[in-house]
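Read the structure below first, then the notes.
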Amino acid sequence: RVESTQSTGKITSLEKAKLHYKESWTKALKELISVRERAQQDAKRRLHHEQSLMEHARLRYLSLEDQKLKENNKLGEDVENLKGELDKMREQIVPQKEGAEKIDSQDKTALGRLIEERNSLLNTGIYTKDDPLIKELNNKINFLQTS
Numbered sequence: 034r035v036e037s038t039q040s041t042g043k044i045t046s047l048e049k050a051k052l053h054y055k056e057s058w059t060k061a062l063k064e065l066i067s068v069r070e071r072a073q074q075d076a077k078r079r080l081h082h083e084q085s086l087m088e089h090a091r092l093r094y095l096s097l098e099d100q101k102l103k104e105n106n107k108l109g110e111d112v113e114n115l116k117g118e119l120d121k122m123r124e125q126i127v128p129q130k131e132g133a134e135k136i137d138s139q140d141k142t143a144l145g146r147l148i149e150e151r152n153s154l155l156n157t158g159i160y161t162k163d164d165p166l167i168k169e170l171n172n173k174i175n176f177l178q179t180s
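Residue numbers (the working numbering): 34 to 180.
Okay, structure coming up:
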């Protein structure tokens, strides 16, 4: 009878221990699942944030490219305007040649060089038509054209 009581006690104790370990195992599995879900959510959040940053960078890049295109178009228009002015000046030179003294080759070379220098300075965007240097070049050009 003592053995039976001891055996029953051991069985009861083993069943309690089994139940305890089963509950601990189930709790550990639930916690592992919870940790994995949080890790997945964090990874999704980071991915979304990185995608947002990439989209923002892409939009900034496109904006800068658009701005560069606009600047290039403006420079192209400026170049065309300067070419038009150059053509007008050349047309002014031709009638003067016919009616007055002919411009010698040195004056032609100097005139072409001055016009080219003025136009290249204006194309840099640093100088405007009102800058003293540009005005001086224009005066020299006019002098050569009228002489």
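The beta carbon of each residue, even a glycine, is placed where N, CA and C say it ideally should be. Just so we're clear, the structure is a prediction, and the values are computed from it rather than from any experiment.
If I follow the unbroken alpha helix (DSSP H) through R151, where does it start and stop? For R151, the enclosing alpha helix (DSSP H) starts and ends at 138-157.
For K162, the three-state DSSP class (helix, strand or coil): Reduced to three states, the DSSP call for K162 is coil.
Below 8 Å, how does it come out for the region 148-161 and the region 104-122: are there three or more Cβ pairs, yes or no? With contact defined as three or more Cβ pairs closer than 8 Å, the region 148-161 and the region 104-122 are in contact.
If the criterion is Cβ atoms closer than 8 Å, does the pair L170 and L147 meet it? A contact, by the Cβ cut-off of 8 Å.
Cβ-Cβ separation, M122 to Q5 (assumed contact under 8 Å), whole Å: No answer is possible for residue 5: it lies beyond the span of the chain, which begins at 34 and ends at 180.
By DSSP, does R34 sit in helix, in strand, or in coil? R34 falls in the coil class under three-state DSSP.
C-alpha gap between N156 and L108, whole angstroms: Approximately 7 Å between the Cα atoms of the pair.
Which word fits L65, buried or exposed, when buried means at least 16 other C-beta atoms lie within 10 angstroms of its C-beta? By the neighbour-count criterion, in which 16 or more other beta carbons inside 10 Å mark a residue as buried, L65 falls on the exposed side.
Out of R91, N105, S138, L144, which one is the CA nearest neighbour of N172? When the alpha-carbon of N172 is set against those of R91, N105, S138, L144, the nearest one is in L144.
So, with DSSP's three-state summary, where would you put S46? Helix, per DSSP.
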